[in-house]
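Here the structure comes first, spelled out in structure tokens, and everything after it is commentary.
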Amino acid sequence: MEGNNRKVIDLEKVVIKFAGDSGDGMQLTGTQFTDTSAILGNDLATFPDFPAEIRAPQGTVAGVSGFQIHIGRIDINTPGDIADVLVAMNPAALKANKNWIKKGGTIIVNIDSFTKKDLEKAGYENSPLEDNSFEGFNIIQAPITKLTRETLRNSGIEGKSIGRSKNMFALGIVYWMFNRPMTQTETFLKKKFSKRPEIVEANIKVMHAGYNFADTIEALTSSYTVLPASLRKGTYRNVMGNQALAWGFLAAAEKARKELFLGSYPITPASDILHELAKYKNLGVKTFQAEDEIAGICSAIGASFAGNLGITTTSGPGLSLKGEAIGLAVMTELPLVVVDVQRGGPSTGLPTKTEQSDLLQALFGRNGESPVVILASSTPANCFDWSYMASKITLEHNTPVILLSDGYLGNGAEPWKIKSTKDMPDILPNIAKEGKEYQPYLRDKKTLARKLAIPGTKGLEHRLGGLEKEHITGNVSYDPENHEKMCSIREEKIKRIAEIIPNQEVFGGKSADLLVIGWGGTYGSLYSAVDNLISEGESIALIHFNYIKPLPKNTASLLKKYNTIVVCELNSGQFANYLRMNFEGKVFKQYNKLQGLPFTTLELESHFRTLLKK
Amino acid sequence: MEGNNRKVIDLEKVVIKFAGDSGDGMQLTGTQFTDTSAILGNDLATFPDFPAEIRAPQGTVAGVSGFQIHIGRIDINTPGDIADVLVAMNPAALKANKNWIKKGGTIIVNIDSFTKKDLEKAGYENSPLEDNSFEGFNIIQAPITKLTRETLRNSGIEGKSIGRSKNMFALGIVYWMFNRPMTQTETFLKKKFSKRPEIVEANIKVMHAGYNFADTIEALTSSYTVLPASLRKGTYRNVMGNQALAWGFLAAAEKARKELFLGSYPITPASDILHELAKYKNLGVKTFQAEDEIAGICSAIGASFAGNLGITTTSGPGLSLKGEAIGLAVMTELPLVVVDVQRGGPSTGLPTKTEQSDLLQALFGRNGESPVVILASSTPANCFDWSYMASKITLEHNTPVILLSDGYLGNGAEPWKIKSTKDMPDILPNIAKEGKEYQPYLRDKKTLARKLAIPGTKGLEHRLGGLEKEHITGNVSYDPENHEKMCSIREEKIKRIAEIIPNQEVFGGKSADLLVIGWGGTYGSLYSAVDNLISEGESIALIHFNYIKPLPKNTASLLKKYNTIVVCELNSGQFANYLRMNFEGKVFKQYNKLQGLPFTTLELESHFRTLLKK
Amino acid sequence: MEHLTNKDFTSDQEVKWCPGCGDYAILRSIQKALPNLERKREDFVFISGIGCSSRFPYYMEAYGFHSIHGRAPAFATGIKLANPNLSVWQITGDGDALAIGGNHFIHALRRNIDINILLFNNEIYGLTKGQFSPTSKKGIQTKSNPHGTTDEPFSPSDLAIGAQASFFARVVDTNPKLMQQIFIEGEGHRGTSLIEILQNCVIFNDKTFSNITAKDVKKDHQLILEHGKPMIFGSEMNKGIQLNGFKLEIVTIGENGINEDHILVHNSKEQDPTLHAMLARMRPPLFPIALGIIRNVNRPTFDSEIVSQLKYEKKNSAFNNVDDLLQSGNTWEV
Amino acid sequence: MEHLTNKDFTSDQEVKWCPGCGDYAILRSIQKALPNLERKREDFVFISGIGCSSRFPYYMEAYGFHSIHGRAPAFATGIKLANPNLSVWQITGDGDALAIGGNHFIHALRRNIDINILLFNNEIYGLTKGQFSPTSKKGIQTKSNPHGTTDEPFSPSDLAIGAQASFFARVVDTNPKLMQQIFIEGEGHRGTSLIEILQNCVIFNDKTFSNITAKDVKKDHQLILEHGKPMIFGSEMNKGIQLNGFKLEIVTIGENGINEDHILVHNSKEQDPTLHAMLARMRPPLFPIALGIIRNVNRPTFDSEIVSQLKYEKKNSAFNNVDDLLQSGNTWEV
Ligand SMILES: Cc1ncc(C[n+]2csc(CCOP(=O)(O)OP(=O)(O)O)c2C)c(N)n1
Ligand SMILES: Cc1ncc(C[n+]2csc(CCOP(=O)(O)OP(=O)(O)O)c2C)c(N)n1
Ligand code: SF4
Ligand code: SF4
Ligand SMILES: [Mg+2]
Ligand SMILES: [Mg+2]
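Chains as they are written, first to last, in this note's numbering: chain V, 1 to 614; chain F, 1001 to 1614; chain E, 2001 to 2334; chain W, 3001 to 3334.
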């Protein structure tokens, strides 16, 4: 990389988006850039963005597959609102992303695919590169197809494979732009195609060709570096939300000395948790792909009854189907974690998009007074912590827990400082021992949790069921007073969990002019927006909830300190309404978005500014 | 009835309870007394009270079947808190009702069944008639078994049938006590057993024997009359809540010129609606007993799509199962009425008892933002009006409606002034006509309702589904702005219904010291309690809601006028929470009961008095 | 009535299946078959659940309803009961029909409601990107079971016949002619017509039926049954099925004194399902797979019986309007 | 191991079925059968759905779970997979198993999870007070269909065999000996053992099986099958079943030259389900009903195959604790 006089500009952070046709390998390209940046020590966050169809028609806007990555030497909390650099492998990719590039940003296009036919498929009459659609942008027209073909002309590689390595050319260009070494990707390619060395060689060649192309052409007047972030020391890896969530369960089961049982039915965007857990029979994990969601949850309850850590995973419509069985778990007071990776509703809605609109369903989607614990994860990596915590609570308190994640978290990824199981809190399942007298509904004085007796334990034979239970004995009881008592015990048992969870934290001033409230998957954008405004000197604070039910004990006293409160959610105000139920007298403004998309930091900042001015 | 000098006391109202073993015919006895009183012009309300088991062991407390009737010359709104007169056919019946008789009330026992064995079955060591358990009560020990046998000694009737007519002896006694003619029951018996005249004769004989017994013995020192109430002129009949609810649908379908389709799966306490509607194939009603609740609702949605008035009926756990399909009806904007006859929850809970704990499930028990109209009936007879109104709204606005009733209303009965279909409001289904261009999601400007196009209509072929719909065209759309727009249209469409419904009414002072709020099945007890306190001169008012979503337009302005508001519900505060969501800043006290039982007027009055004192 | 063509049944929506997906051929076959029924277009209703296959109704110019996962038979039942004059087609996949929807599927068959069920069996969950389904061959490795499934698959024919099916046919997506013919006959059958279509998913389960549909084997591995015709197949049309006691056997015409008269003649109208079930269970390599209409028997349909009851009650009841009902029984005047 | 008696399996809960209900006899038979299995009491789990029959677990001194309507097979599957050492018994009714629970029922059978299903078939919904069920005889009048049902009923044997059942037996509630014997053999079978019990509901469907169980007809209308024994029945034990081509026929021993050797010998172990299905379909008055174990074949169980996979993976994988997993793959140091 010598002999180049162009300047190298040092950036704080940058957002890069790779976009192309579904077959163009954009996910792989993005992941490679991610891994390389991670190893260089950047903080980062990524988000893939697939077409809704399995294989939408080639070349169309519906068929565009993208991968966005946000890297920085500062703390990175979202995959970025809009891209500084866009790689567009065809006109459709350009069109699909045209509103999501920063004014004046760099666009690298594969000019070879701007033919009449490709333009038409994308719905362009004329090339947008030739009218003034992208005036002011820095457009790099790279003949990627041609140069890839050239590079491999005498390699003996056949046409189809040549086409498939175009993405490496693009990756090479971007590596050059950001002054990154190619070694990581080279190692990766060698491993991945270890049985086909000719493919390895070809891909490496093409990547270098791209790199050299960038080094040569005049168009790229500068290259950039993004220096390492000051992350805490440790071993890191990249994790996706769904993967982290699956792993949290693995850790919890091991820690609790329980076998993990997952009963599930595939549904987007939750299926990957099933896929991930299905890999680990070596860790004793049993995954049962049931005939439907109801069988999924019922098998999990059965497994819990028989002594496993029973969990079930789903998305919105699946949660609707599980309502009745959750009620049974409430009545029988068994451990059970229900994961809902939320997507756009109502009904089938926007199945591949994100939303936070299942909160009230999680709270109330069952007959009768049927309280459960509700937790929400808020970053891809902390999905690990929350599935761990959900398992801990359900096993120690013998009460079902619903864990809310969402499509944005589930598919998003970020670096994660690997934890060691020995540093994780102990999990002590609350189980009756052989030899003592057993009353199924006798309770711990403090937590109100009952003890489980596991089938196979001598002398603890007993019967559970969905009919109202008599206090202590657990016999069926139609007694009016008993019913009232049991309803209040079930509620109180959940409330008492507030005693063992940490106090809610506040980011920003303890009595700022504006308090922003959020929960779950919007953390990254809310934090970034509030952080930016704080550094601008605004009087603003953020309270972001992960414990939804029960709310942390100090919530009421925290809220008292703020006069103006705005609750920001990707729904039409469900958490705001939940707060209204709990904190009568307080006034909550709302900021809501229902577009299947996350908040952008920009829109949040601008809204908060307006509120601060008032 | 001559030659009797005992005084006849005129009563304003009286509560009588018939109780005996499941096989003792108490339901029939109660119904006969009801019909006779109704014909005499009393206002009244009744409530049966069955054992949870089909045939609980004979003679046990669990096997007691009861029928309570409240009659008056004044307005009667509940079946009464506690009985003035109890008929107890065996010790178990006495035991089961011992806390529900007015201090000093009259208890008629069949002394023949107070044998050692019967006492034991009821769990009595000694006869409660012989210790001082019922000191202060007026106990009539009638040898009912013996006298019935005597009466029929030479009738040729066999022993089993003799045993079965004991209830007629008891009925005869009570007819005497309340100075009622026996003609109505005689006519009934003649009709019912028209093929077995010997049974008719035997039953009539026994009833007269009971009457004469009462006329003779010294124990009954007085008899009573309850004069006719000043009911509005008209033709009356007795209706049970579930029956009235079924009939409201029949009327609505006829009025809308639609065929009625019910897709349902049996579940207590909703099954009787299915049973009732199944009778009327002559009115073109199609009832489909589906394989489960999901098939029930889906068949109803299918029927609505194909042009029928599609409805489905269920209770709590069944509503949980229907959540996903309700979401589809929301997205496809089809007519659908879902009836939930609520019972005690959570889970299987208290299946034969009443509760109001499905409100939040009805509001929120689905994925995504999924608004539906919610109505609640509040007396057995007005179940007719609310199923009618639910049908009208769903057909005119093409949006699903959930109608909440409960076990107490469903099984309760009261006189109903028969309406004529010509006096009922018109129902004009909102349907696209052949020949015009059809856009499935084009809307009425005022109501925002879309028009249906019914399969079989030429030229209006189109496709519906659960994926998000494009505004106007109804094509599948993943567009972010469109989704946000459609979510808000769906919500707004429900809100606009507030424009066409009547203003909420207030009973009592427009700015009383205490405002009582209720909804649904608690109307009778709340009204009675508030009415009593008003006549005592207290400053108290009642707002009782039938329109739950949307709330009547004037609700906010009504609430403003009151400082102390208490929301009374048979749950742990669901409607109160709903009001908190809607009327931020207002403070709502709660009064809740979760015992599977209705409020008693007494407990309400005493609670309100305490609140008024503060 | 105006004669319609396949174009009349083509909607304006862009078809979005993967290039090469077997669903395309099925779509075209339906669009070609429907005009032959000489029914009005507005009387056709296509109802589906969720899955790749369940997108089908969008592409048909007819009344369509893309409902929720697994429940299409229930919607179809409601539609047919609401208006028995409609021609109702349920489009479903092996997951939609046999995983989450298994119960509604067997209940529709037992009731014999007069609808047509097109079961697109690709032995995989396509839309959710490739998990095994209840018809996946035992042992296959997918994302959701990388160590191989331990699930014994359903045989749709066995399950359907076990649920009292009156009509069962099977086709492959590579035989448009046979598809069209069977769609037409299926609609002709009164009752639930179940048509299993072996459909290739190029992305997640490619070639799972290649031992049936591949050019080089198809003649020897497919037996196309026709009512009243002997069961003859093979590249030289000289193989046949014979019954040996309780077992089916393959024989060669011209060998060991076998001639056409020895070959079993297909009787799709036989009420007893025993032989139909046996034929439907045949599989390569030992046997050819049976295609065509395997079972087609008459029994009363659910909808027609309800229609009769409605008619009877309307004619024979004491009252026929709501006012009369409200005034019936015990009433009194005030 | 200490020997248990029926008393050891009797819980302290008062039994609350209607006097005369067939459920009592079944309960007693189970309580008598279990001690014969020589298993520990704490290893028995009884799991039910909702219905009169589903109250059963309360009356058993064992681990019990009265779950929700129709879903017991799913709970049972979870329990068995969680702890394959347990003896898992599902108690269900015709509504619970075949109406709302039909799907879980057929999936359990196809997977062949090692549980025992006791299907109390009274051809009615008892607990909800007498609506017709999916096994009710066509045309019966109930509250929910006063004009008579138009539903063709399921035949549990056909449905089960169509769903690949490996074990199917049928008994009547009036034959406690046979019940006990079959419960013991059912538990002995590895896989899903489906035992249909024709159970009389005295309140809502009394005597629906009287043409089978009534004293005067039972000898002539019941054929009790035993593996390896000829199919002989009748009040004089001189009637037998013969196969005539594809049809079953009743013959009389001693008439027309028929002797015992002509009578079909029952083979419950035959993999091919054809004859089992035919036998199970026999009904009076033309045939006796088949009781006893009709089908009992070996195939791998779902749970045992999962246990093998778990064992194999534990032994052959690169890591076996979570820390190793977390550290595996692409990591970097900061
Ligand atoms: C209630 C619910 N659960 C799960 C899903 C996810 N889902 C959609 S389609 C499908 C399976 C599709 O398989 P199949 O029916 O065979 O159709 P194919 O895509 O293969 O045509 C699943 C699991 C859903 N949409 N809804
Ligand atoms: C989700 C749900 N739907 C409906 C019911 C009402 N229900 C309880 S048991 C039952 C049917 C019982 O019939 P069956 O299984 O044959 O049992 P049986 O009472 O005859 O023994 C029904 C419909 C319920 N409890 N839960
Ligand atoms: S994933 Fe398979 S079934 Fe679905 S459209 Fe693609 S090829 Fe067809
Ligand atoms: S209703 Fe029938 S099945 Fe239920 S307990 Fe009574 S007799 Fe038995
Ligand atoms: Mg499929
Ligand atoms: Mg039953």
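We put the beta carbon where it would ideally sit given N, CA and C, even for glycine.
Within-8 Å CB hit, residue i to chain V
{"i": "Asp-3114/W", "result": "no"}
Nearest-angstrom Cα separation, counted from residue j out to residue i
{"i": "Gly-2240/E", "j": "Pro-2230/E", "result": "8 Å"}
{"i": "Ile-2195/E", "j": "Asn-2103/E", "result": "17 Å"}
{"i": "Ala-2025/E", "j": "Ile-2050/E", "result": "19 Å"}
{"i": "Asp-1513/F", "j": "Gln-1590/F", "result": "16 Å"}
{"i": "Leu-1363/F", "j": "Pro-1317/F", "result": "15 Å"}
{"i": "Thr-399/V", "j": "Val-339/V", "result": "14 Å"}
C-beta neighbour in chain E for residue i, strict 8 Å
{"i": "Tyr-236/V", "result": "no"}
{"i": "Phe-1067/F", "result": "no"}
{"i": "Lys-281/V", "result": "yes"}
{"i": "Lys-1469/F", "result": "no"}
is_contact[residue i, chain F] using C-beta, thresh 8 Å
{"i": "Asn-3200/W", "result": "no"}
{"i": "Asn-2006/E", "result": "no"}
{"i": "Lys-3016/W", "result": "yes"}
{"i": "Gly-3102/W", "result": "yes"}
{"i": "Asn-3145/W", "result": "yes"}
{"i": "His-2107/E", "result": "yes"}
Test item: CB-CB of residue i and residue j under 8 Å
{"i": "Phe-3168/W", "j": "His-3189/W", "result": "no"}
{"i": "Leu-274/V", "j": "Ile-548/V", "result": "no"}
{"i": "Glu-468/V", "j": "Gly-1349/F", "result": "yes"}
{"i": "Met-207/V", "j": "Met-240/V", "result": "no"}
{"i": "Glu-12/V", "j": "Ile-71/V", "result": "no"}
Rounded Cβ spacing between residue i and residue j (contact assumed at less than 8 Å)
{"i": "Lys-1017/F", "j": "Val-1061/F", "result": "With 8 Å as the limit, Lys-1017/F and Val-1061/F do not qualify as a contact, their Cβ atoms being about 15 Å apart."}
TODO: Give the residues from the segment 3118 to 3133 of chain W that approach chain V closer than 9 Å (Cβ to any Cβ), ordered along the chain.
DONE: Residues of the segment 3118 to 3133 of chain W whose Cβ lies closer than 9 Å to any Cβ of chain V: none.
TODO: Pull out every residue of the segment 379 to 399 of chain V whose Cβ sits closer than 8 Å to any Cβ of chain W, in chain order.
DONE: Residues of the segment 379 to 399 of chain V whose Cβ lies closer than 8 Å to any Cβ of chain W: none.
Task: Proximal residues, the segment 1248 to 1279 of chain F versus chain W, C-beta separation under 8 Å - done: Tyr-1265, Pro-1266, Ile-1267, Thr-1268, Ser-1271, Leu-1274, His-1275, Ala-1278 and Lys-1279
Task: Under 9 Å (Cβ pairs) to chain W, residues found in the segment 289 to 304 of chain V - done: Ala-290, Glu-291, Asp-292, Ile-294, Ala-295, Gly-296, Ile-297, Cys-298, Ser-299, Ala-300, Ile-301, Gly-302, Ala-303 and Ser-304
- [ ] Could you run through the segment 3152 to 3167 of chain W and flag, in chain order, every residue whose CB is less than 8 Å away from some CB of chain E?
- [x] Glu-3152, Pro-3153, Phe-3154, Ser-3155, Asp-3158, Leu-3159, Ala-3160, Ile-3161, Gly-3162, Ala-3163 and Gln-3164
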